[in-house]
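Residue 1451 in my numbering sits at position 128 of the sequence shown; the count goes up by one each step and never skips.
Just so it is clear, CB atoms sit at the ideal spot from N, CA and C, and this is done for glycine as well.
Everything numeric in this text was worked out from a predicted model, so none of it was measured.
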Amino acid sequence: MYSVAKKLLVAITGFFLLVFLPVHLGGNLLLLVGKEAFNRYAHFMATSGWIRVAEILLFIAILVHIYYALKVTIENLQARPQRYKWNRASENSSLFSRIMPISGAIILVFLIIHLNSFLINGRWGSNVPTMMIDGMQVKDLYTVVATAFQSPVYVIIYELSFLFLGFHLVHGVYSAFQTTGLIINRGIRRFVMILGYLYAILIPVGYAIIPIYFLLNGIK
Ligand code: HEM
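Pasting the structure below:
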């Protein structure tokens, strides 16, 4: 496959993930509203057929994104085997773009920990607490999340991951627009750069509030 096609696949799946992040954040902010609000939402997420389809698409997008991003990174490394002393990397690209493979790897480790505790254990685990809502017995995922964030170590892992998520997004947003050819003039370049920085700050900060809230407030 041509290198351009691989980069396009990384960019298109990247756009998909850029839509997922605010949607997932919106749902998770219900944790701050209360137990019933969040568990209602979590019950819908766990039982809706449409959400199942969206989740399958999401996991395909994540796998394609990682696979082709890795291929592009390896090809780029192979294309310049000698590292010239005078080739100062900082003069050619930004720090955020150079650490994309590192920030990506950290997000992947975070995702494995995250999906294991909240998706696999929370949705299918045998000792998940339950509660009654509208006469229906539903999983109390709120308590699973709130309990996890009583551990300072867990909270630090999350907060550091969100920092690297921010680093990944600063370059990721710009790069997705660039690769898909949407940056056609200086005005759009400026707009995309501002949008990228805003997105890369607001989304991780939104996520970062949740573990700290539970660490400070305990389980209610
Ligand atoms: C404090 C922040 C977060 C909390 C409290 C949280 C909570 C959850 C919960 C409870 C689930 C279980 C499924 C459900 O929605 O019912 C879940 C699933 C998931 N989370 Fe998170 N999450 C957080 C941050 C993130 C971040 C930053 C990412 C991506 C980098 C992420 C990616 C996912 C994915 C891919 C799934 C599985 C798909 C899905 O069920 O929607 N999460 N999360």
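Segment contact flag, the stretch 1482–1489 with the stretch 1522–1531, C-beta cutoff 8 Å, min 3 pairs: yes
First through last residue of the beta strand (DSSP E) which encompasses isoleucine 1456: Indexing the sequence shown from 1 puts residue 1456 at position 133. Note, isoleucine 1456: beta strand (DSSP E), 1453–1456.
Selection from Gly1350, Leu1539 and Tyr1390 that minimises the alpha carbon distance to alanine 1334: Counting from 1 along the sequence shown, the entry for residue 1334 is found at position 11. It is Tyr1390.
Pick from Ala1402, Leu1431 and Asn1351 that is closest to phenylalanine 1537, judged by C-alpha positions: As a working mapping, residue 1537 is identified with position 214 in the sequence shown. Answer by Cα proximity: Asn1351.
Coil, strand or helix - glutamine 1473 by DSSP: Numbered from 1 along the sequence shown, position 150 holds the residue referred to as residue 1473. If DSSP states are grouped into helix, strand and coil, glutamine 1473 belongs with coil.
Distance CB(phenylalanine 1343)-CB(leucine 1381) smaller than 7 Å: Residue mapping note: residue 1343 aligns to position 20 of the sequence shown, counting from 1. Residue mapping note: residue 1381 aligns to position 58 of the sequence shown, counting from 1. Yes, they are a contact pair.
Length of the line joining the Cα atoms of arginine 1509 and alanine 1471: Translated into the one-based positions of the sequence shown, residue 1509 becomes position 186. Translated into the one-based positions of the sequence shown, residue 1471 becomes position 148. Their backbone Cα atoms lie some 46 Å apart in a straight line.
Per DSSP, cross-strand counterpart(s) of valine 1461: Sequence index remark: in the sequence shown, residue 1461 carries index 138 (1-based). Per DSSP, Met1454.
CB contact flag (leucine 1464, alanine 1365, <7 Å): Here residue 1464 corresponds to residue number 141 of the sequence shown, with the count starting at 1. Here residue 1365 corresponds to residue number 42 of the sequence shown, with the count starting at 1. Cβ distance < 7 Å, so leucine 1464 and alanine 1365 count as in contact.
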